[in-house]
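Count along the sequence shown from 1, add 169, and you get the number used in my numbering.
Since the structure comes first, as structure tokens, the remarks are kept for the end.
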Amino acid sequence: MSSHSCDELAPGVSRLIRQSLTESEKSEHLLSTLSETLCEVTEHRMLKREAGVNFNPMPARLIEILFREAKVIDPQEAETALGYARGETLEILRTSPSSPAALAFALDVARHMHRSVLPEEERVNLLSALRDREVVPENDSRLAILYCAAIERLEKITW
170 MSSHSCDELA PGVSRLIRQS LTESEKSEHL LSTLSETLCE VTEHRMLKRE
220 AGVNFNPMPA RLIEILFREA KVIDPQEAET ALGYARGETL EILRTSPSSP
270 AALAFALDVA RHMHRSVLPE EERVNLLSAL RDREVVPEND SRLAILYCAA
320 IERLEKITW
């Protein structure tokens, strides 16, 4: 898959990457990594969604969270977040370092959990992992605020 495919699957994020990273070599490398990740995974494996529900691919959402929402324009953090997307497990939510990439990954899980069709036990375990996650606000206060707000919203949902 090439960056052309990335342009088709996540056109807004492709533009965001090109606009945010002024060095074309870095933007093309990140687009290539994103395309490779999109070949492997488009959504959280731990979140089962209803059939036919449209969504932006999860790897693209992670880049968007970092670049647009958190203002963390760092290709290394973006590539780390894409690594979390490829190796997704419940343990990543509990044990990953409190980096912008890890927090962006956990935030995306929290934001999309309510759209999943999980058995109650899996939902409880996932919510517990999200709640137990240590958030260090000093590392990225914007992401920490967004993450805490997403968890509060999740806790108010009656399943």
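We put the CB at the ideal spot given by N, CA and C, even for glycine.
If you're wondering where the values come from, they're calculated on a predicted model, not measured in any experiment.
If you ignore the 5 residues before and after Y253, its C-beta comes within less than 8 Å of the C-beta of L231, I261, S265, A270, A271 and F274, all in its own chain and listed in chain order. The region 276-284 and the region 240-247 do not touch, with fewer than 3 CB-CB distances between them shorter than 8 Å.
One alpha carbon belongs to L207, the other to S310, and they sit about 29 Å apart. Pairing R292 with I320 gives a Cβ-Cβ distance that is not under 8 Å.
In the DSSP assignment, L231 falls within the alpha helix (DSSP H) that extends over M227 to E233.
Contact check for E209 against R284 fails: the beta carbons are separated by 8 Å or more.
According to the DSSP assignment, F274 belongs to the alpha helix (DSSP H) that extends over P269 to H281.
L251 is a Cβ neighbour of T202, given a cutoff of 8 Å.
Under the DSSP assignment, P266 falls outside any alpha helix (DSSP H); it carries neither an H nor an E label. Here G256 carries a coil assignment [DSSP, helix/strand/coil].
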